[in-house]
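Residue numbers (mature numbering (1 follows the signal peptide of the UniProt record, and there is no 0)): -27 to -1, 1 to 182.
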Amino acid sequence: MFQIRFSRSNVLAAAAAASLLATSAQAFDGGAFSSLFGGQPQQPSHIQRANLPTELNRESLSTRAIVNDPTGERVGSITIDTKNRYLYLSMEGGRAMRYDVGVGRDGFAWQGRAYIGRRAEWPTWTPPAAMLKRRPDLPRVMTGGIANPLGARAMYLYNGHGDTMFRIHGTNEPDTIGQAVSSGCIRLLNADVIDLYQRVKIGAPVIVL
């Protein structure tokens, strides 16, 4: 009988090959950014769970660090400094958890306020119509897993108008952290997005600077 063995190198190779299908694809086209933000949470909360091990695709070390909170926001708020490529989660005592992030590229950057309206573990990815128009080679639906461009976790940004189509999520392209390459979504290393996911709740405010 043949015995199949899966090594760490096998998993990474598979992820690298699959990621070629979705270079920069985890970011979304949001349309008229200036009209998206404002209002109070109106959407029902929802948590999607998957049965994939969280240790997969965690080869990159975490960037998280506890720092003095520069944002002035209330505890539990997420602030994204797109210029310096940091995400801050405000905590008690004037401190914040800081993570390195990737942000929107030229023409797709945005500013505003939203909130976490939905959370998902190893989320399914469905590229929006605008992205499919630009990238007809992309799959119409991709189930969660190490090859999925949304990575290990996703937090969906909503406002008074509903789903903004922007997300805070993981990535299968760790080299893009600290870069401006997406279509507006905020990406973290999988180790970092798992940590952030455990700390935030549905309804948490998100401020993008």
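Note that CB positions come from ideal geometry on N, CA and C, so glycine has one too.
Taking residue i and residue j to be in contact with their CB atoms under 8 Å, please state how far apart those CB atoms are, rounded to whole angstroms.
i: residue 61; j: residue 47; result: The Cβ separation is near 12 Å, so there is no contact.
i: residue 126; j: residue 59; result: Going by Cβ atoms, the distance from residue 126 to residue 59 rounds to 18 Å, so no, they are not a contact pair.
i: residue 52; j: residue 44; result: 4 Å
So if DSSP puts residue i in a beta bridge, which residue, or which two residues, is it bridged to?
i: residue 40; result: 69
i: residue 54; result: 59
i: residue 177; result: BP columns for residue 177 are empty, so no partner.
Please return the same chain residues whose Cβ sits closer than 6 Å to the Cβ of residue i, not counting the five positions on each side in sequence.
i: residue 128; result: 89, 92, 141
i: residue 49; result: 177
i: residue 67; result: 42
Leaving out the 5 sequence neighbours to the left and right, which residues in its chain are closer than 7 Å to residue i when beta-carbon positions are compared?
i: residue 149; result: 75, 160
i: residue 168; result: 35, 37
Out of curiosity, what's the CA-to-CA distance linking residue i and residue j?
i: residue 87; j: residue 180; result: 7 Å
i: residue 163; j: residue 84; result: 24 Å
i: residue 145; j: residue 138; result: 20 Å
i: residue 151; j: residue 73; result: 6 Å
i: residue 182; j: residue 175; result: 21 Å
i: residue 110; j: residue 95; result: 22 Å
i: residue 121; j: residue 39; result: 29 Å
i: residue 118; j: residue 166; result: 14 Å
i: residue 55; j: residue 65; result: 23 Å
i: residue 131; j: residue 108; result: 25 Å
i: residue 106; j: residue 123; result: 19 Å
i: residue 57; j: residue 135; result: 28 Å
Which same chain residues end up closer than 8 Å to residue i when comparing Cβ atoms and leaving out the 5 residues on each side of it in sequence?
i: residue 172; result: 62, 70
- Message: Which runs of the beta strand (DSSP E) at least 3 residues long sit entirely within the region 128 to 175? Give them in chain order.
- Response: 135 to 142, 153 to 155
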